[in-house]
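So the sequence shown is numbered by the working numbering: it starts at 4 and just counts up by one. C-beta atoms are modelled at their ideal positions from N, C-alpha and C, and glycine is treated no differently. Read the structure below first, then the notes.
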Amino acid sequence: MLSLVRLDPNDAITFVTEGWIDWARASDSPELDEAAVLGRPFSDFVADPVTVQLYKLVFRRVRRTGQVIRVPFRCETSNERWHMEMEVRPLENGGLECRNQTVLVESRGPAHPREAGARPKGFLTLCSWCKKVKLPEGVWVDVEAAAQRIELFLGTAPQLTHGVCPSCKTALRGSLEFAR
Numbered sequence: 004m005l006s007l008v009r010l011d012p013n014d015a016i017t018f019v020t021e022g023w024i025d026w027a028r029a030s031d032s033p034e035l036d037e038a039a040v041l042g043r044p045f046s047d048f049v050a051d052p053v054t055v056q057l058y059k060l061v062f063r064r065v066r067r068t069g070q071v072i073r074v075p076f077r078c079e080t081s082n083e084r085w086h087m088e089m090e091v092r093p094l095e096n097g098g099l100e101c102r103n104q105t106v107l108v109e110s111r112g113p114a115h116p117r118e119a120g121a122r123p124k125g126f127l128t129l130c131s132w133c134k135k136v137k138l139p140e141g142v143w144v145d146v147e148a149a150a151q152r153i154e155l156f157l158g159t160a161p162q163l164t165h166g167v168c169p170s171c172k173t174a175l176r177g178s179l180e181f182a183r
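Written as structure tokens, this is what we have:
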């Protein structure tokens, strides 16, 4: 599925395609129609402040260099995981066009913790781009694997902090280096 969003120089949404509306509805946000998003900041539709800051860095780089940057990311619903790519391209007058393309859709079941597993102490790190979880031994895994390994959904929820896993860091660094 291809969706397109255009932003003004202040990152307010000025245009969305029907594909974007369809994508919003499919990702458990049926209230997001064209009237509900036009004029609002792009950041209103990003889940966490760390990811907002990363998008702002990408947007600033595209505006400054005039070069296209491709950013891989992932979205999840209760039973699907979508691997996607956003292509951010400059428009006249400081605007941007963000083309979101679905690369792969995976079916998934709900995460179920196992009986055994070590509960993390302190913070649990979540990749701001792909949403993988960093296990205590430093390995990055999907949330389902983390749930089974560290009893993620049992008892008190761990405090979350955001980071960038090595794979996403490499991809982002490559995208930003290309745009220099």
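Distance between beta carbons of residue j and residue i, contact taken as under 8 Å
i	j	result
residue 146	residue 134	7 Å
residue 85	residue 105	6 Å
residue 6	residue 20	6 Å
Distance, residue j Cα to residue i Cα
i	j	result
residue 79	residue 149	15 Å
residue 103	residue 11	17 Å
residue 46	residue 138	28 Å
residue 174	residue 55	17 Å
residue 37	residue 44	13 Å
residue 156	residue 129	Note that residue 156 scores 47 on pLDDT, short of 50, meaning its location in the model is unreliable; the coordinates nonetheless yield the value given after this. So the two alpha carbons sit approximately 15 Å from each other.
residue 15	residue 100	11 Å
residue 92	residue 60	14 Å
residue 57	residue 142	22 Å
For residue i, the nearest candidate out of the options (CA to CA)
i	options	result
residue 82	14, 111, 98	111
residue 185	45, 40, 152, 131	Residue 185 falls outside the range modelled here, since the chain spans only 4 to 183, and no answer is possible.
residue 26	63, 72, 87, 64	87
residue 62	75, 35, 40, 97	97
DSSP beta-bridge partners of residue i
i	result
residue 28	Bridge partners of residue 28: none, in fact.
residue 103	6, 89
residue 15	44
residue 166	130
> Mind pulling the beta strand (DSSP E) runs of 3 or more residues that sit fully within the segment 123 to 152?
Replying inline: 126 to 130
> Can you list, in chain order, the stretches of the alpha helix (DSSP H) that have 4 or more residues and sit fully within the segment 33 to 72?
Replying inline: 37 to 40, 52 to 68
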